[in-house]
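Working notes, structure below.
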Amino acid sequence: MSITKLEFNQLNRVLDEHTGIRLNSNKSDIMASRLSSRLRSNQCSSFNRYYQLIISPEGKSELDVFIDKMTTHETYFFREQVQFEFMYDYFRQKKCRNVPIRAWSAASSTGEEAYSIAMVLDDLFYSGNWSVTGTDISPTAVEMAKEACFALSTVQKIPKKYRRSYCLKGTGQNEGTFTVNKAIRSHCTFSVDNLLKLRTVDYSFDIIFLRNVLIYFDETKQNKIIDNIIHRLNHGGLMFLGHSESLRKKRAGIELIQPCIYKKVRL
539 MSITKLEFNQ LNRVLDEHTG IRLNSNKSDI MASRLSSRLR SNQCSSFNRY
589 YQLIISPEGK SELDVFIDKM TTHETYFFRE QVQFEFMYDY FRQKKCRNVP
639 IRAWSAASST GEEAYSIAMV LDDLFYSGNW SVTGTDISPT AVEMAKEACF
689 ALSTVQKIPK KYRRSYCLKG TGQNEGTFTV NKAIRSHCTF SVDNLLKLRT
739 VDYSFDIIFL RNVLIYFDET KQNKIIDNII HRLNHGGLMF LGHSESLRKK
789 RAGIELIQPC IYKKVRL
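Going by my numbering, the first residue of the sequence shown is number 539, and it counts up by one from there.
Following this line, the structure appears as structure tokens:
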């Protein structure tokens, strides 16, 4: 089903309003492709009818699906593993800290990144004095992260020592999947939030992963997101960006210590 320029602009405004993401005009075919199944499921004869549905009170649940369809959830366990190795080495010297270590997966998608962080922190701070917070714009992705049920084919991305310690193979109706054990999951919380106007994250962190997020926003919104993130990073804490991302504007108190890895220092 083809999408008109007007319909694309209508749906693009909804996407921008709820996520801060605004697609370029050359992405209309991508939008149409991602949403075509939703039009069929909701018996909408056009994208305009679908637009009318998701802005209506009756369409709240479908709005969540729309957001999920139009945001990217490409992720896997221990993505860019060198960053996890750096985090481990950096915090290994801090095992005797009396305050909790807090980590934030700021675009946690379906949870693979957050649980990867959790495995490393449990390996470092096996006393349990740590926590991981995961947030994402997609309610559907957040629910999947909470369920922690992953395709067994993805387990090979997890280092062997962590697979043995933290991963449980599904049986019966869960055959072909695995989950993360309850001890790890008990330290992880997930919620829906928007990095441009945070509501659920009201404390600071020692570790923040903000990877493969900034590339979807214009420079003004990138700066706002970075400011929100840095405000919630403790002194001495680490911020991790994706391999294709960097801070365009130099910020006082933020020091680049490895490619795509920043440290917050006292002025």
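The beta carbon of each residue, even a glycine, is placed where N, CA and C say it ideally should be.
Please read all numbers here as calculations on a predicted model, not as lab measurements.
Cβ neighbour criterion (16 or more within 10 Å) applied to residue i
{"i": "residue 769", "result": "exposed"}
{"i": "residue 760", "result": "buried"}
{"i": "residue 712", "result": "exposed"}
{"i": "residue 756", "result": "exposed"}
{"i": "residue 637", "result": "exposed"}
{"i": "residue 658", "result": "buried"}
{"i": "residue 540", "result": "exposed"}
{"i": "residue 751", "result": "buried"}
{"i": "residue 790", "result": "exposed"}
{"i": "residue 592", "result": "buried"}
{"i": "residue 740", "result": "exposed"}
{"i": "residue 558", "result": "buried"}
{"i": "residue 660", "result": "buried"}
{"i": "residue 765", "result": "exposed"}
{"i": "residue 796", "result": "exposed"}
{"i": "residue 581", "result": "exposed"}
{"i": "residue 567", "result": "exposed"}
Candidates the options, of which the one nearest residue i by Cα
{"i": "residue 653", "options": "727, 602 and 604", "result": "727"}
{"i": "residue 573", "options": "558, 553 and 557", "result": "553"}
{"i": "residue 758", "options": "739, 750 and 785", "result": "785"}
{"i": "residue 776", "options": "549, 598 and 792", "result": "792"}
{"i": "residue 767", "options": "582, 687 and 643", "result": "643"}
{"i": "residue 678", "options": "579, 629 and 646", "result": "646"}
{"i": "residue 578", "options": "600, 565 and 622", "result": "600"}
{"i": "residue 619", "options": "729, 695 and 704", "result": "695"}
{"i": "residue 693", "options": "667, 641, 663 and 650", "result": "650"}
{"i": "residue 590", "options": "549, 611 and 741", "result": "549"}
{"i": "residue 623", "options": "778, 787 and 783", "result": "778"}
{"i": "residue 611", "options": "648, 575 and 580", "result": "648"}
{"i": "residue 630", "options": "664, 569 and 563", "result": "664"}
{"i": "residue 783", "options": "798, 772, 691 and 563", "result": "798"}
{"i": "residue 556", "options": "725, 765, 703 and 605", "result": "605"}
{"i": "residue 626", "options": "662, 551 and 730", "result": "662"}
{"i": "residue 725", "options": "632, 570, 551 and 668", "result": "668"}
{"i": "residue 771", "options": "571, 582 and 804", "result": "804"}
{"i": "residue 569", "options": "609, 581 and 595", "result": "609"}
{"i": "residue 800", "options": "596, 564, 563 and 628", "result": "628"}
{"i": "residue 571", "options": "607, 563, 691 and 787", "result": "607"}
Residue(s) in a DSSP beta bridge with residue i
{"i": "residue 513", "result": "Past the edges of the chain, shown from 539 to 805, lies residue 513, and the structure says nothing about it."}
{"i": "residue 705", "result": "718"}
{"i": "residue 654", "result": "None, per the DSSP bridge assignment."}
{"i": "residue 603", "result": "BP columns for residue 603 are empty, so no partner."}
{"i": "residue 730", "result": "674"}
{"i": "residue 793", "result": "801"}
{"i": "residue 779", "result": "748"}
{"i": "residue 687", "result": "717"}
{"i": "residue 561", "result": "Answer is none; residue 561 lacks a bridge partner."}
{"i": "residue 771", "result": "743"}
Supposed contact pair residue j and residue i - C-beta distance, whole angstroms, cut 8 Å
{"i": "residue 501", "j": "residue 733", "result": "Missing from the structure shown is residue 501; the chain here goes from 539 to 805 and no further."}
{"i": "residue 656", "j": "residue 670", "result": "5 Å"}
{"i": "residue 780", "j": "residue 749", "result": "4 Å"}
{"i": "residue 687", "j": "residue 715", "result": "5 Å"}
{"i": "residue 802", "j": "residue 774", "result": "7 Å"}
{"i": "residue 640", "j": "residue 603", "result": "That pair is no contact at about 31 Å."}
Any non-hydrogen atom of the ligand COA within 7 Å of residue i CB
{"i": "residue 714", "result": "The ligand COA is not among the ligands present in this structure, which contains no ligands whatsoever."}
Can at least three beta-carbon pairs, one atom from the stretch 710-722 and one from the stretch 608-622, be found at a separation below 8 Å?
-> Flag = no, the stretch 710-722 and the stretch 608-622 do not touch.
Examine the Cβ distances between the stretch 695-704 and the stretch 672-683 and report whether three or more of them are shorter than 8 Å.
-> Counting Cβ pairs under 8 Å, fewer than three are found: no touch.
Are at least three pairs of beta-carbons, each pair with one atom in the stretch 732-750 and one in the stretch 681-698, less than 8 Å apart?
-> No, the stretch 732-750 is not in contact with the stretch 681-698.
With contact counted as at least three CB pairs below 8 Å, one residue from each stretch, are the stretch 572-591 and the stretch 541-552 in contact?
-> The stretch 572-591 is in contact with the stretch 541-552.
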